[in-house]
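Structure first, then comments.
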Amino acid sequence: MKPMLETISVTSDASFKIETYRSADNCAMAGWHIHPEYELVFVKNGRGLLHIDTTKTSYTNGTLVFLAGDIPHADFGNRENLDNEEIVIQFKQDFLDEKLRVFPEFRAIKKLIEKSKHILVFDEQVKKGLEKKFRKFRTLDNQGKLINLLGILHELSRETSYQMLRQSFPLGNFKRDDILRLEQAFEYVNNQYSQNISVEEIAQQLGYTPNSFCRFFKKMTQKRFIGFVNEFRIQKAVEFFNEANSTISDVMFRSGFNDASYFSRQFKKYQGQTPSAYVQDRYSQSVF
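For what it's worth, the UniProt record's numbering labels the leading residue of the sequence shown as 1, then goes sequentially.
Below is the structure:
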């Protein structure tokens, strides 16, 4: 089965993305997917299956896995334990090229990242030893998160207790040039979502006509471009609602919408409830 390309949005004030999922979270599963970002995943407990590229391996008490970009894989976490926690860290190649490469002291970390091309699954004792550091992310600001991530990578770079799932692997079923073009499209939306999104402009940047770009985007993602943009904007709206006590109209404009009824319909389509219901639920939960 051809993997779906997943877009990873990193905020302008951060070098990587980190998300925490718990068993009670009502989050959509990505399914069989691929993305160019590196991914470090900590799963606290429970049983599950790692389906990465052509390899399947099970775990019985959580897992800690590190893999490079452009490797097709399914979701790693599980919903078995009520107290389960999955922490996902993702970063682009430029995290290695532009940031770590500047410092020769990070040589071991750079080697670790290169090894992630072989898909590293660390032993349970390594996972347990780093649990406090992974769970610490929730209390840190962006600077603290970066320092904490470097600390985790430093400790992992000294470990030999891991399994390599593959000695080599293909880059999936996508041409590298197509992946790079799609990354450019994602980056355009990430930079432009709050403003006007022009199919003509992005098509011209990538060397397509508007119609051929839309066909290319649908072939790669199984989504219409306008649908992808709306879904991305709604994801940003949720972020804005969660980060501060913003009004619905403020969030609407910040996330790139200018029509209240259209914003409400799109929010309900992707979140299952209207913006006002979402805000009301969030306020009610924060009271307790």
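All residues carry an ideal CB built from backbone N, CA and C; glycine is no exception.
- prompt: At which residues does the beta strand (DSSP E) containing glutamate 85 begin and terminate?
  reply: Sequence index remark: in the sequence shown, residue 85 carries index 85 (1-based). Run containing glutamate 85: 85 to 91, per the beta strand (DSSP E) assignment.
Inset, instruction - In angstroms with no decimal places, state the Cα-to-Cα distance between glutamate 239 and threonine 221. - result: The residue labelled residue 239 in the question sits at position 239 within the sequence shown. The residue labelled residue 221 in the question sits at position 221 within the sequence shown. Taking the straight line joining both Cα atoms gives about 23 Å.
Q.
Beta-carbon within less than 8 Å of glutamate 183's beta-carbon, same chain only, minus the 5 sequence neighbours each way: which residues are those?
A. In the sequence shown, the residue the question calls residue 183 occupies position 183. Closer than 8 Å at the Cβ level, and outside the excluded window around glutamate 183, lie Pro36.
Q: From the DSSP output, in three-state form, read off glycine 151 for me.
A: Residue numbering aside, residue 151 sits at position 151 when the sequence shown is read from its first letter. It is helical.
Checklist entry - What does DSSP give as the partner residues of tyrosine 59 in its beta bridges? => result Taking the sequence shown and counting its residues from 1, one reaches residue 59 at position 59. Bridge partners of tyrosine 59: Gly48.
Near phenylalanine 66, which residues of its chain fall below 6 Å by C-beta distance, leaving aside the five closest residues on each side in sequence?
Taking the first residue of the sequence shown as position 1, residue 66 is located at position 66. Leu40, Ser116 and Leu120.
Problem - Three-way DSSP call (helix, strand, coil) for tyrosine 188 in this model - result: On the sequence shown, position 188 is the one that residue 188 refers to. Tyrosine 188: helix per DSSP, three-state reduction.
Q | Proximal residues to isoleucine 202 (C-beta, below 7 Å), its chain only, five neighbours per side dropped | A | The sequence position of residue 202 within the sequence shown is 202, counting from 1. So the list reads Ala185, Tyr188 and Phe213, once near-sequence residues are dropped.
Checklist line | Three CB pairs or more closer than 8 Å across the segment 15 to 23 and the segment 101 to 109 | finding: no
Residue range of the unbroken alpha helix (DSSP H) whose run includes isoleucine 248
Position 248 of the sequence shown, counted from the first residue, corresponds to residue 248. Per DSSP, isoleucine 248 belongs to the alpha helix (DSSP H) from 248 to 254.
Exercise. Can you list, in chain order, the residues of its chain whose CB lies under 7 Å from that of glutamate 124, leaving out five sequence neighbours each side?
Worked result: For the purposes of this step, residue 124 is identified with residue 124 of the sequence shown, where counting begins at 1. Excluding positions up to five away in sequence, the list reads Asn61.
Within its chain, find whatever has a CB closer than 6 Å to the CB of threonine 63; leave out the 5 residues flanking it on each side and keep chain order. As a position in the sequence shown, residue 63 is number 63, starting the count at 1. Here the set comprises Val43.
**Q.** Residues bridged to threonine 20 [DSSP beta-bridge criterion]
**A.** As a working note, residue 20 is residue 20 in the sequence shown. Bridge partners of threonine 20: Ile87.
Fill in: Reference phenylalanine 241; option with closest CA among Pro275, Phe216 and Gly256
Translated into positions along the sequence shown, residue 241 becomes position 241. Ranking Pro275, Phe216 and Gly256 by Cα distance to phenylalanine 241 puts Pro275 first.
Quiz prompt | Start and end residues, alpha helix (DSSP H) containing valine 121 | solution = Numbered from 1 along the sequence shown, position 121 holds the residue referred to as residue 121. From DSSP, valine 121 is part of no alpha helix (DSSP H) but of the beta strand (DSSP E) over 120 to 122.
Would you tell me roughly how many angstroms separate the C-alpha atoms of asparagine 230 and threonine 209, rounded to the nearest one? Here residue 230 is taken as the residue at index 230 of the sequence shown, counted from 1. Here residue 209 is taken as the residue at index 209 of the sequence shown, counted from 1. Asparagine 230 and threonine 209: Cα-Cα distance of roughly 21 Å.
To the nearest angstrom, how far is it from the Cα of leucine 150 to the Cα of tyrosine 193?
Taking the sequence shown and counting its residues from 1, the one referred to as residue 150 is at position 150. Taking the sequence shown and counting its residues from 1, the one referred to as residue 193 is at position 193. So the alpha carbons of these two residues sit roughly 30 Å apart.
query: For methionine 4, which residues of its own chain have a beta-carbon under 8 Å away from its beta-carbon, when the five flanking residues on both sides are left out?
result: Residue mapping note: residue 4 aligns to position 4 of the sequence shown, counting from 1. Once the five neighbours on either side are set aside, the close Cβ partners of methionine 4 are Ala30, Gly31, Trp32, His33, Ile34, Thr221 and Gln222.
Please go through the same chain and pick out, in chain order, the residues whose beta-carbon is closer than 8 Å to the beta-carbon of valine 279, but skip the five residues on each side of it.
Here residue 279 refers to the residue found at position 279 of the sequence shown. Here the set comprises Phe241 and Ile248.
Top-ranked residue by Cα proximity to tyrosine 38, from Arg47, Val199, Lys110 and Gln266: For the purposes of this step, residue 38 is identified with residue 38 of the sequence shown, where counting begins at 1. Tyrosine 38 has its Cα closest to that of Lys110, out of Arg47, Val199, Lys110 and Gln266.
Residues of its chain near lysine 145, where Cβ-Cβ distance is below 7 Å and the 5 sequence neighbours each way are ignored
For this step, residue 145 is matched to residue 145 along the sequence shown. Once the five neighbours on either side are set aside, the close Cβ partners of lysine 145 are Ile18 and Phe137.
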